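Going down the list, the sequences are from chains Y and P. The opening position of the first sequence corresponds to residue 936 in my numbering, with each subsequent residue numbered one higher. The opening position of the second sequence corresponds to residue 936 in my numbering, with each subsequent residue numbered one higher.
2 protein chains.
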Amino acid sequence: MRLLIAEDDKLHRAFLEKVALNTLSDLSFLKIAEDGEEAIKEFDAAEYESVVLDLQMPRLTGVEVAKNIWAKKPCTKILFWSNYTDEAYIRGITKIVPGASVYGYILKSAPAEQLKLAMQGVFVAEQCVIDREVRRVQQRAGDRLSGLSEPEYEALVDLCLGLTDKAMAARRNVSLRGAQSRLQHLYQKLGLDKGDIPVGQWGPTYNSRTRAICLALSQGILNADALRKEEENLRVWTGRHLK
Amino acid sequence: MRLLIAEDDKLHRAFLEKVALNTLSDLSFLKIAEDGEEAIKEFDAAEYESVVLDLQMPRLTGVEVAKNIWAKKPCTKILFWSNYTDEAYIRGITKIVPGASVYGYILKSAPAEQLKLAMQGVFVAEQCVIDREVRRVQQRAGDRLSGLSEPEYEALVDLCLGLTDKAMAARRNVSLRGAQSRLQHLYQKLGLDKGDIPVGQWGPTYNSRTRAICLALSQGILNADALRKEEENLRVWTGRHLK
DNA sequence: AACGTTTTTGCGGGAACCCGCACTTGTTCA
DNA sequence: TGAACAAGTGCGGGTTCCCGCAAAAACGTT
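Take a look at the structure:
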């Protein structure tokens, strides 16, 4: 078996290597990359059927690396290994997993034993291994009551990037009112109905527009990483339409 | 010498312990806490003159722990040990260091050698050891041209919390126009002068209010951690004034 | 004491935003 | 096929926000 590891933290890297070496008996080839770009370069340079990816690396997120890899070789087995359960990452992943591919998602805080099991489960037994906590978030995001629908999520992204209503409308090809309607639904999902905002003698305490960003961040629906990536997407779009 | 270590990541914890043990020859007592609250509890339970703190821990940030510790024993020597150089942390720290106390700030990405030097520098030689990168950010934040002034920073915080102009005015005890004026200066500092916003056929692309949040986040002037903490401060205030 | 800087304030207009109501479209499911 | 639901559209008004102009306070410096 040939394995590629991508992880930016020195200690975590060493740990992963150690565990991989004494867990996977038929390991024939092992490479370790220190960031996303390096990982992709290395993946192209040799043949791998298994990959361990840290999410949250400098320059390229693990999600982006996975997207790139799966685009080239959908059968690659990927184990995500992360500190957080941010919905941003989870949403990103579930959006790019090719039909029947095998992957896993476990947390760095889990005991070493779990990491071993996950490696065996994903790489050897070829089954999906998802951490309970992660599963919970995944669940909630998919639910149509508590989770955000795709248009709502798009609205959230544009909102966090700082776009105006009109710019959102232009970008997503809907009318002005359409964009505003998406926002309205978003506010509602985040619990910003008119009645829920506390009112002092100074009037309503919150501005829906900015409060929505705050809530999304503190609930991990979006994080600074995801934002950077979306900023990039936006730049691509404006590049084409700004002239 | 008596040393307290606070760090939530298992591997990093072990690493810190190892380095401390074979760097500090006169180490007589060593305790290790796994999060902020535990650290404070432990600090109260025994006598320490030296502490290593991870910033970014669950529940209580390293900054908050430091604040608590220094309030009780300003002569405590603290070494901050973090992944990032977020201005939010740095600003938080420089705001709470008691006059002539000794502290250090180094990055996890630095080689082990640097960590050793920092431990000796701070705990033994009693000198401040600040990483170059961190120093750079600290510098910029203090500069009156590129950095944010205190009122501007307050405005940024309130903005990110999602407050309305009126609520900001009430909270900070200024007139409505005063709050708006702060925002205006903030926008300017962040490079959001009217002319700088790209304009398409859909009109101006950005909404200053939300764009400011985006920029602040991507530049690390504020981060999700700091936001959580500020949310807490806000709750205290509203608790007193909302009734 | 006179100066520059920063911060605050008032006024006012134009733009952007929030949202209720009503209607059309498209999809899903019994 | 028809009902239920999600998503988008147009209209309209009330609010909030953005910001230029101008002038008063607060601060530190020389």
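We put the beta carbon where it would ideally sit given N, CA and C, even for glycine. Since we're looking at a predicted model, the values are computed, not measured.
With respect to Y:M936, Y:D961 sits close: the two C-beta atoms are nearer than 9 Å. Within the stretch 936–956 of chain Y, D943, D944, K945, L946, H947, A949, F950 place their CB atoms closer than 9 Å to a CB of chain P, listed in sequence order. Membership of Y:W1172 in any beta strand (DSSP E) is not indicated; the residue belongs instead to the alpha helix (DSSP H) covering 1159–1177. Non-local beta-carbon contacts of Y:V1072 in its own chain, meaning distances under 6 Å to residues more than five positions away in sequence, involve T1020, E1022, I1025 in chain order. Put simply, of P:G1039, P:P1086, P:L1118, P:K1007 the residue whose alpha carbon is nearest the alpha carbon of P:D1100 is P:L1118. Taking all protein chains in view, the Cβ of P:L951 is crowded by 16 or more other Cβ atoms within 10 Å, so the residue is classified as buried. By the rule that beta-carbons nearer than 9 Å mark a contact, Y:L1098 touches chain P. About 16 Å separates the Cβ atoms of Y:E1068 and Y:L1052, ruling out a contact at the 8 Å cut-off. Secondary structure note for Y:G1039: its beta strand (DSSP E) is the uninterrupted segment 1038–1042. One Cα belongs to P:Q1049, the other to P:A1151, and the distance between them is close to 30 Å. When C-beta distances to chain P are compared with 7 Å, the residues of the stretch 1113–1142 of chain Y below that value are P1133, G1135, W1137, G1138, P1139, T1140, Y1141, N1142, in chain order. A check of alpha carbon separations from P:V1064 across P:I1148, P:Y1040, P:G1097, P:L1094 identifies P:Y1040 as the nearest. For Y:R1163, the chain P residues whose C-beta falls within less than 7 Å of its own C-beta are S1153, listed in chain order. Burial check for P:W1172: the Cβ neighbour count within 10 Å stays below 16, so the residue is exposed.
Within chain P, the residues placing a beta-carbon under 9 Å from that of Y:E1166 are C1149, S1153, ordered along the chain.
Rounded to whole angstroms, the gap between the alpha carbons of P:V986 and P:K1030 is 18 Å.
Within chain Y, the residues T1145, I1148, C1149 have their CB atoms less than 8 Å from the CB of P:C1095, given in chain order. Shown here for Y:A955: same chain residues with a beta carbon closer than 8 Å to its own, the five before and five after excluded, namely L938, I940, L962, L965, V987, M1054 in chain order. Contacts between Y:K1101 and chain P, judged by CB atoms closer than 7 Å, involve W1137, G1138 in chain order. Spanning the alpha carbons of Y:E972 and Y:Q991 requires a straight line of approximately 13 Å.
In the DSSP assignment, Y:G1138 is bridged to Y:G1135.
In the three-state reduction of the DSSP assignment, Y:A1060 falls in the coil class, being assigned neither a helical nor a strand state. For Y:L956, the enclosing alpha helix (DSSP H) has its first and last residue at 945–958. Beta-bridge analysis with DSSP links Y:W1005 to no other residue.
Using beta-carbon distances, Y:N1158 counts as an interface residue toward chain P, with a partner under 9 Å.
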